[in-house]
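Beneath this line is the structure, given in structure tokens, with notes to follow.
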Amino acid sequence: MRIRATVAAVSGALALSALAVPAAQADVHASGGDANYRASVAKVLGGKSAFVTSPVDDGVPYELNVSFSNLKVAKSITVGATGHVVVPVTYTLTHGTEVNIKAADFMSGPVLYEGSDIESIDTVGSLMGENPATCTATSTTAANCKANIDIYPAEGDLTVFDAGKVWTAGAVAIALNGQDLAGDSIDPSKIGIKEQGGLGTTTVRRLAKLTVNASPEPVKKGRTITVTGRLTRANWDGANYTGYGNQAVKLQFRKNGTNTYTTVKTIRTAANGDLKTTVTANVDGFFRYVAATTSTTSDAYAAPDFIDVQ
4 MRIRATVAAV
14 SGALALSALA
24 VPAAQADVHA
34 SGGDANYRAS
44 VAKVLGGKSA
54 FVTSPVDDGV
64 PYELNVSFSN
74 LKVAKSITVG
84 ATGHVVVPVT
94 YTLTHGTEVN
104 IKAADFMSGP
114 VLYEGSDIES
124 IDTVGSLMGE
134 NPATCTATST
144 TAANCKANID
154 IYPAEGDLTV
164 FDAGKVWTAG
174 AVAIALNGQD
184 LAGDSIDPSK
194 IGIKEQGGLG
204 TTTVRRLAKL
214 TVNASPEPVK
224 KGRTITVTGR
234 LTRANWDGAN
244 YTGYGNQAVK
254 LQFRKNGTNT
264 YTTVKTIRTA
274 ANGDLKTTVT
284 ANVDGFFRYV
294 AATTSTTSDA
304 YAAPDFIDVQ
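In the working numbering, the protein residues as written are 4 to 313.
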């Protein structure tokens, strides 16, 4: 889920204020999700307005004695136009003995953000999970954590301008220490926060799709076959798929009874993504189009189309 937060520095520490969570973030999806986790992260990490209905005691959050390492996330993430993409993340959390990671109000989780600084998420946005990480202690001061980044492209989590950009991986930990963010009064100085960026990188690519149709079928040996198709890719701004023009696409053929495709020729898509070429019918087999990965878009393989040569 995408989150935009303003992180303010006060005397070298993070200021605590409320952030109105957009509906797409506050809702709990059918797949499950802890709205309290997302809302708490949004509130603690920033926002421009103070708690509206409750007075806030003086003080600022302290830096939590936590660090993160060994974060692992996919090098590239492919996202379609709709649906729910789950990106697994693992990392190691190291903490001081005074930090109780088993506390009910201790939260940690990974985040993907654009830019060079994790605190730049107020301007560039970030992607995070619906639920906090599950952390298993490996010693009195360390734990192995696993969590997901949840992406809903049709709900505004991504725009087409995000495709191909480098996203940096980081992690966050929050210890509320008994402070109720929804209560009448809180003491921010009792809340611990730690953000750490620069733990890895990934890219997000638009999912591409290819179709193919060889005709006529059946066809007599030696006659001409026309092979058409279309290359499209996810449009995150419209929750649909649009043509991907001027792209090199290979036409491949596999003889019936074999397992290997060979490239017949390479052609380019029209402006609307359409493909059309001709070949000579020789033997029964399968035609398919194949498009390579680009910086912004995934590779694509058309489902093979059988041609009966008589």
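Note that beta-carbon positions come from the ideal geometry of N, C-alpha and C, so glycine has one too.
Original post:
Smallest Cα separation from T235: which of N39, T280, A273?
Top reply: Mapped onto the sequence shown, residue 235 falls at position 232. Nearest C-alpha to T235: A273.
**OP:** For R233, name the three-state secondary structure that DSSP assigns.
**Re:** Reading the sequence shown from its first residue, position 230 is the one you call residue 233. Per DSSP, reduced to three states, the secondary structure at R233 is strand.
Subject >> K105, buried or exposed, once every other Cβ within 10 Å from all chains shown has been counted against 16 >> reply: As a position in the sequence shown, residue 105 is number 102, starting the count at 1. The residue in question, K105, is exposed, as its Cβ has fewer than 16 Cβ neighbours within 10 Å.
Original post:
By a C-beta neighbour count over all protein chains shown, 10 Å radius and 16 as the cutoff for buried, is R41 buried or exposed?
Top reply: The residue given as residue 41 occupies position 38 in the sequence shown. The residue is buried, with at least 16 neighbouring Cβ atoms inside 10 Å.
Subject >> Residue from T245, T261, K258 whose Cα sits closest to the Cα of N275 >> reply: Numbered from 1 along the sequence shown, position 272 holds the residue referred to as residue 275. Residue T245 holds the alpha-carbon nearest to the alpha-carbon of N275 among T245, T261, K258.
Original post:
Going by the CB atoms, is the gap between A145 and T137 shorter than 8 Å?
Top reply: Here the question's residue 137 lines up with position 134 in the sequence shown. Here the question's residue 145 lines up with position 142 in the sequence shown. Contact flag unset, no.
Original post:
Quick check: the region 86 to 97 against the region 213 to 229, are there 3 or more CB pairs under 8 Å?
Top reply: Segments in contact, no.
**OP:** For T214, I'd like the list of residues in its chain whose CB is within less than 6 Å of its CB, leaving aside the five on either flank, ordered along the chain.
**Re:** To locate residue 214, count along the sequence shown from 1; it is residue 211. For T214, where only same-chain residues beyond five positions count, the Cβ hits under 6 Å are G232, R233, A305.
Original post:
Between S111, S188, R208, which lies nearest to G83 when the distance is taken from Cα to Cα?
Top reply: As a working mapping, residue 83 is identified with position 80 in the sequence shown. Comparing Cα-Cα distances from G83 to each of S111, S188, R208, the minimum goes to R208.
**OP:** Going by CA-CA distance only, name the one from M131, S142, P135, A178 that's closest to L161.
**Re:** In the sequence shown, the residue the question calls residue 161 occupies position 158. A check of alpha carbon separations from L161 across M131, S142, P135, A178 identifies M131 as the nearest.
Original post:
Under the DSSP definition of a beta bridge, which residues are partnered with N147?
Top reply: Within the sequence shown, the letter at position 144 stands for residue 147. Partner(s): T95, T139.
Original post:
Does DSSP put K168 in a helix, a strand or coil?
Top reply: Here residue 168 is taken as the residue at index 165 of the sequence shown, counted from 1. Residue state, collapsed to three classes: coil.
Subject >> Close Cβ partners of G225 (< 7 Å) along its chain, the five nearest in sequence each way excluded >> reply: Residue 225 sits at position 222 when you count from the first residue of the sequence shown. When the five nearest sequence neighbours on each side are left out, the beta carbons in the same chain lying within less than 7 Å of the beta carbon of G225 are those of T283, A284, in order along the chain.
**OP:** Any chance you could list the beta strand (DSSP E) runs of at least 3 consecutive residues sitting entirely within the region 241 to 281, in chain order?
**Re:** Within the region 241 to 281, the complete beta strand (DSSP E) runs of at least 3 residues fall at 243 to 246, 251 to 258, 265 to 271.
Subject >> Residue from A242, M110, G128, F109 whose Cα sits closest to the Cα of Y116 >> reply: Taking the sequence shown and counting its residues from 1, one reaches residue 116 at position 113. Comparing Cα-Cα distances from Y116 to each of A242, M110, G128, F109, the minimum goes to G128.
Original post:
If we call anything under 8 Å between Cβ atoms a contact, is P64 one with G173?
Top reply: Sequence index remark: in the sequence shown, residue 64 carries index 61 (1-based). Sequence index remark: in the sequence shown, residue 173 carries index 170 (1-based). In this structure, P64 lies away from G173, with their beta-carbon atoms at least 8 Å apart.
Original post:
Which residues does DSSP pair with D153 in a beta bridge?
Top reply: What you label residue 153 is simply residue 150 of the sequence shown in a count that begins at 1. D153 pairs with V89.
Subject >> Exposure of K197, with buried meaning 16 or more beta-carbon neighbours within 10 Å >> reply: As a position in the sequence shown, residue 197 is number 194, starting the count at 1. By the neighbour-count rule (16 or more Cβ atoms within 10 Å), K197 is buried.
**OP:** Using a Cβ-Cβ cut-off of 8 Å, state whether I154 counts as contacting chain B.
**Re:** Absence of chain B from the displayed structure is noted, only one protein chain being present.
Original post:
Apart from the five residues just before and just after D120, which ones in its own chain have a Cβ nearer than 7 Å to its Cβ?
Top reply: Walking along the sequence shown from the start, residue 120 turns up at place 117. Cβ neighbours of D120 beyond the five flanking positions: G200.
Original post:
With distances taken between CB atoms, is the gap from D153 to M4 smaller than 8 Å?
Top reply: Here residue 153 corresponds to residue number 150 of the sequence shown, with the count starting at 1. Here residue 4 corresponds to residue number 1 of the sequence shown, with the count starting at 1. With respect to M4, D153 sits close: the two C-beta atoms are nearer than 8 Å.
Original post:
Where does L179 fall in DSSP's three states?
Top reply: Here the question's residue 179 lines up with position 176 in the sequence shown. Three-state DSSP puts L179 in coil, outside helix and strand.
**OP:** Excluding the 5 residues preceding and the 5 following Q255 in the sequence, name in chain order all residues of the same chain whose CB lies nearer than 8 Å to its CB.
**Re:** Here the question's residue 255 lines up with position 252 in the sequence shown. If the five residues before and after Q255 are omitted, its C-beta is found closer than 8 Å to the C-beta atoms of Y264, T265, T266, V267, F290, R291, Y292, V293, all from its own chain and listed in chain order.
Subject >> Contact under 8 Å by Cβ, K193 with A303 >> reply: One-based indexing of the sequence shown puts residue 193 at position 190. One-based indexing of the sequence shown puts residue 303 at position 300. For K193 and A303, no; Cβs fall outside 8 Å.
Original post:
Closest to M110 by CA distance: which of A45, A237, T143 is it?
Top reply: For the purposes of this step, residue 110 is identified with residue 107 of the sequence shown, where counting begins at 1. Ranking the options by Cα distance to M110, first place goes to A45.
**OP:** Please list, in chain order, all residues of the same chain as A157 whose beta carbon is under 6 Å from its beta carbon, the five residues on each side excluded.
**Re:** Working through the sequence shown from its first residue, we reach residue 157 at position 154. Same-chain partners within the cutoff: T85, A242.
Original post:
Any idea if T141 is buried or exposed, counting beta-carbon neighbours within 10 angstroms, 16 or more meaning buried?
Top reply: Counted from its first residue, the sequence shown places residue 141 at position 138. Answer is exposed; the Cβ neighbour count stays below 16.
**OP:** Taking the CB atoms as reference points, tell me whether N68 and Y94 lie closer together than 8 Å.
**Re:** Stepping through the sequence shown from its first residue, residue 68 is reached at position 65. Stepping through the sequence shown from its first residue, residue 94 is reached at position 91. For the pair N68 and Y94, the CB atoms are not nearer than the 8 Å cut-off.
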